[in-house]
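Notes follow the structure.
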Amino acid sequence: MGSRIITLQRQARELGRLRTGWSVPNPDPNKRPRPVKSKTWVVTSHAEHYVQAAADAWGGDVERWQPQGNGAPQFRVVTKAEQIDALLPPGDPLNQYNEMWTKGGCQRRCDGQTEQISRMPCLCLAEFGEDWHLLRQDQYRKDKVCAATSRLNVILPDMPDVGVWRAETHSFYAANEWGGTVDMVLSGTEGKGLVPVSLRIEPRTRVAGGQTKHFPVVVVEVRGITPRQALTGPLPTALALDPSGSQAVAAIEAPRPDYLAEAEGALTSDDVRDVWRKARAAGHVDPKGRDDLSKQLMTIAERMDAEASGATGDEPVEGELVD
Numbered sequence: 029m030g031s032r033i034i035t036l037q038r039q040a041r042e043l044g045r046l047r048t049g050w051s052v053p054n055p056d057p058n059k060r061p062r063p064v065k066s067k068t069w070v071v072t073s074h075a076e077h078y079v080q081a082a083a084d085a086w087g088g089d090v091e092r093w094q095p096q097g098n099g100a101p102q103f104r105v106v107t108k109a110e111q112i113d114a115l116l117p118p119g120d121p122l123n124q125y126n127e128m129w130t131k132g133g134c135q136r137r138c139d140g141q142t143e144q145i146s147r148m149p150c151l152c153l154a155e156f157g158e159d160w161h162l163l164r165q166d167q168y169r170k171d172k173v174c175a176a177t178s179r180l181n182v183i184l185p186d187m188p189d190v191g192v193w194r195a196e197t198h199s200f201y202a203a204n205e206w207g208g209t210v211d212m213v214l215s216g217t218e219g220k221g222l223v224p225v226s227l228r229i230e231p232r233t234r235v236a237g238g239q240t241k242h243f244p245v246v247v248v249e250v251r252g253i254t255p256r257q258a259l260t261g262p263l264p265t266a267l268a269l270d271p272s273g274s275q276a277v278a279a280i281e282a283p284r285p286d287y288l289a290e291a292e293g294a295l296t297s298d299d300v301r302d303v304w305r306k307a308r309a310a311g312h313v314d315p316k317g318r319d320d321l322s323k324q325l326m327t328i329a330e331r332m333d334a335e336a337s338g339a340t341g342d343e344p345v346e347g348e349l350v351d
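In terms of my numbering, the sequence shown opens at residue 29 and continues consecutively.
In C-alpha cells:
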C-alpha cells in the first residue's frame, strides 16, 4: 500500500444532496424565499448523470436548478420515493449544530453551550431562555434564533461513483432522533464497517397551544438486520450491502454451533474464552455476558482454572519421607 500524508483529513467526496423541500421566491423582495416541504425525497447534484440515475431508480424528471445565493447551477429531481435505502459509512457520519444563516453566510454556529464563531455562551439561550427553540414555530420570529441543523453523510450503493450524499434537516425532532440512532449504532460498531439504513420521510402531528400542526420528520432506521447484529460489532461488508439477500438468509438459517461441546473439548480456560468471543462475534451471546450460554461458558472456564491450579501444586499437599 502506498504512503499517506499523516496530517491530512481523508474524507469521501460529496456527490450530491438529499433534500426534503425547496424554496420559491418571496413576493416581498426584502424577505427570504419561502420554503416548500416535500413529501418525497429531492435529489440534487452538480453532475447530471448522478441525478438521472436517481430519477431512474425513484422516479421524477430531471431539471436544471439554481440553489439559493450565487452558487453554480445544478440538477434536481423531485422523486416519488418517501424512503431511500442507504449505508452509513465508517467513522462518525453525523454533524450537528444550532445554526443561523443570512445572505451573508453563517452568522451563528453553536453546540448548545458555546457559539463557535464569537466564542460566546449560547446567544439564543441568553436572549430568549431555555425554550428559545419554540420560536422556530413562529413565522415572524423564527429568523431571530438558530435552527437545529443536522447533516448526515450516507452512501447510496446503487448510484454512480464512490462517495457520500449529504442528507440535511433543520427539524428539532430529527436532531434528537438522528443523534440517538447514530450514537447507538456507533456504540456497537465503534465506527468500523458499513451499516445498512433507510431514510424515510414520516408525517407527524403535534398539538400544542390549541393548534394542530402537521409536519414531516426524516427518520433514520436500521435496515434488514436485527439490533443484536447492529450492536454486536462491525458487519461483514457483504451483509451490509445485501442485508435481505443470501448472506442474511445464510446467517439466519445456519444452525448455531454447539459452543458448550467445543468449550468442553478445549484445553485451557483461555480456549474457552475464545469460544465465547466467537459466539459474541456471531451474535449468539449477549456482549455483556448476561445470557445463559455466557454463564455456562464462564462456569467451564472457572472449572478449568481450578483444575489447573490444583495440578500445578498451588494447593497444599501432604509431605512424604523418602530415603
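We put the CB at the ideal spot given by N, CA and C, even for glycine.
The Cβ-Cβ distance between R47 and V70 falls below 7 Å.
Excluding residues up to 5 positions away in sequence, V210, L214 and G219 lie with their Cβ nearer than 8 Å to the Cβ of D120 in the same chain.
Going by DSSP, M212 is part of the alpha helix (DSSP H) stretching over F200 to T217. The beta carbons of V313 and A258 sit about 16 Å from each other, so the pair does not count as a contact at 8 Å. Relative to V225, the option among M212, V245 and E249 whose CA is nearest is E249. For E127, the enclosing beta strand (DSSP E) has its first and last residue at L122 to T130. Below 8 Å, enough C-beta pairs join the segment 324 to 340 and the segment 294 to 310 to call them touching: three or more. Judged by DSSP secondary structure, P255 falls within the alpha helix (DSSP H) whose first and last residues are P255 to T260. Taking S272 as the centre and dropping the five residues before and after it, the same chain places the C-beta of G252 closer than 7 Å to its C-beta, in chain order.
For H77, the uninterrupted alpha helix (DSSP H) segment begins and ends at E76 to W86.
Distance from the CA atom of G208 to the CA atom of P57, rounded to whole angstroms, is 40 Å.
Proximity of the segment 229 to 246 to the segment 118 to 137 falls short of the contact definition, fewer than three beta-carbon pairs being nearer than 8 Å. In this structure, N126 keeps its C-beta atom at 7 Å or more from the C-beta atom of C134.
Annotation for L321: V313 place their beta carbon closer than 6 Å to its own, counting only its chain and skipping 5 residues before and after. Out of N181, S146, G132 and H74, the CA that lies nearest to the CA of W193 is found in N181. Only buried fits G88, as 16 or more other CB atoms lie within 10 angstroms of its CB. Secondary structure at E330: helix, using DSSP grouped into helix, strand and coil. If you draw a straight line from the Cα of A114 to the Cα of A195, it is about 11 Å long.
Taking all protein chains in view, the Cβ of L36 is surrounded by fewer than 16 other Cβ atoms within 10 Å, so the residue is classified as exposed.
Excluding the 5 residues flanking it on each side, V245 has same chain C-beta neighbours closer than 7 Å at S199, Y201, A202, E230 and R232, in chain order.
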